[in-house]
Amino acid sequence: YPRVSLAVLVVAVACSLPFRQNSVSKILAHHILGHIPSSSILCFMDEVFRVLQPGGTVSVTVFAKGDMRDGSGVEVEPSAYLRGDGILTRYYSHEDLLQLGGRFHPSGIEYSEWVLPIRGKQYLRREITGQFVKPAEIF
Numbered sequence: 007y008p009r010v011s012l013a014v015l016v017v018a019v020a021c022s023l024p025f026r027q028n029s030v031s032k033i034l035a036h037h038i039l040g041h042i043p044s045s046s047i048l049c050f051m052d053e054v055f056r057v058l059q060p061g062g063t064v065s066v067t068v069f070a071k072g073d074m075r076d077g078s079g080v081e082v083e084p085s086a087y088l089r090g091d092g093i094l095t096r097y098y099s100h101e102d103l104l105q106l107g108g109r110f111h112p113s114g115i116e117y118s119e120w121v122l123p124i125r126g127k128q129y130l131r132r133e134i135t136g137q138f139v140k141p142a143e144i145f
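The numbering used here puts the sequence shown at residues 7 to 145.
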């Protein structure tokens with residue numbers, strides 16, 4: 007059997023990650039940034055930068071503009087809608103995701119699309135995933 011490394015999954019407050027500085031090699035932020043207020047996004051990305059090792063990566067997946075729910079609800083921030091169920095959802099473009107990276111180096115951005123059948127109708131789902139690398143520190 008091939009060797010499998012173990013992953014540690016942690017649930018934490020996005021702006022106060024329970025890790026030492028430069029101690030984490032990879033962070034997976036799957037549908038987190040699309041559901042928090044814009045005031046918390048920079049805080050989260052600063053925390054990710056703090057805990058990632060130089061050369062470490064963060065993978066960010068969010069809903070993309072053009073998703074079946076894009077524009078649904080009350081727009082409370084640019085491209086962010088509060089739906090009737092109380093869920094805030096933000097929809098990102100390629101440029102929006104690149105701006106999130108800030109101090110990171112982008113290493114790839116990919117779109118995913120699929121059709122979701124609901125009660126006999128076809129709905130388009132769209133996601134965008136960005137891979138970002140923390141640059142090596144200069145001493």
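Even for Gly, the Cβ is constructed at its ideal location relative to N, Cα and C.
Task: Under the three-state DSSP convention, the category Val148 falls into - done: The shown model of the chain, from 7 to 145, leaves out residue 148, and the question about it has no answer.
Task: Cβ shell of Ala35 (< 8 Å), same chain only, five flanking positions each side left out - done: As a working mapping, residue 35 is identified with position 29 in the sequence shown. The residues are Phe50, Val54, Val64, Ser65, Val66 and Thr67.
Open item on the list: Just list the residues that DSSP pairs Gly136 with in beta bridges.
Closed with: Your numbering for residue 136 matches position 130 in the sequence shown. Here Gly136 is bridged, per DSSP, to Val66 and Ile115.
Task: Where the alpha helix (DSSP H) containing Arg56 begins and where it ends - done: Residue 56 sits at position 50 when you count from the first residue of the sequence shown. Counting along the chain, the alpha helix (DSSP H) containing Arg56 begins and ends at Ser44 to Val57.
TODO: Confirm the yes/no value for this check: CB of Gly126, any heavy atom of the ligand FMN, distance under 8 Å.
DONE: Ligands displayed in this structure: none; no statement on the ligand FMN is therefore possible.
Task: Asp91 classed as buried or exposed, judged by whether at least 16 other C-beta atoms fall within 10 angstroms - done: Counting from one through the sequence shown, the residue named residue 91 turns up at place 85. Classification of Asp91: exposed, given that the 10 Å Cβ count is below 16.
Open item on the list: If contacts are defined as beta-carbon pairs under 8 Å, then Val57 and Leu23 qualify, I think. What distance do you get, rounded to the angstrom?
Closed with: Translated into the one-based positions of the sequence shown, residue 57 becomes position 51. Translated into the one-based positions of the sequence shown, residue 23 becomes position 17. Indeed they touch by this definition, with Cβ atoms about 5 Å apart.
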